[in-house]
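Numbering (the working numbering), first residue to last: 12 to 57.
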């Protein structure tokens, strides 16, 4: 693996870029809905 001037590989840079892509409203609401279910599940399971 070769690193560029920033110290990241091209694969690392691609993952970082994808993490900061703009999300549309539907994606945001869907993720938040699943987060609520995950938290509720934690309370139920103990």
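We put the beta carbon where it would ideally sit given N, CA and C, even for glycine.
- Query: Mind checking whether residue 14 and residue 20 have CB atoms under 8 Å apart?
  - Reply: Cβ distance < 8 Å, so residue 14 and residue 20 count as in contact.
- Go ahead and pull the three-state DSSP assignment for residue 7. Only positions 12 to 57 of the chain appear in this structure, which leaves residue 7 out of reach.
- Query: How far does the alpha helix (DSSP H) with residue 40 in it reach, from first residue to last?
  - Reply: From DSSP, the alpha helix (DSSP H) with residue 40 extends over 36-56.
- Message: What does the alpha-carbon distance come out to for the pair residue 40 and residue 50?
- Response: Distance between residue 40 and residue 50, taken at the CA atoms: about 15 Å.
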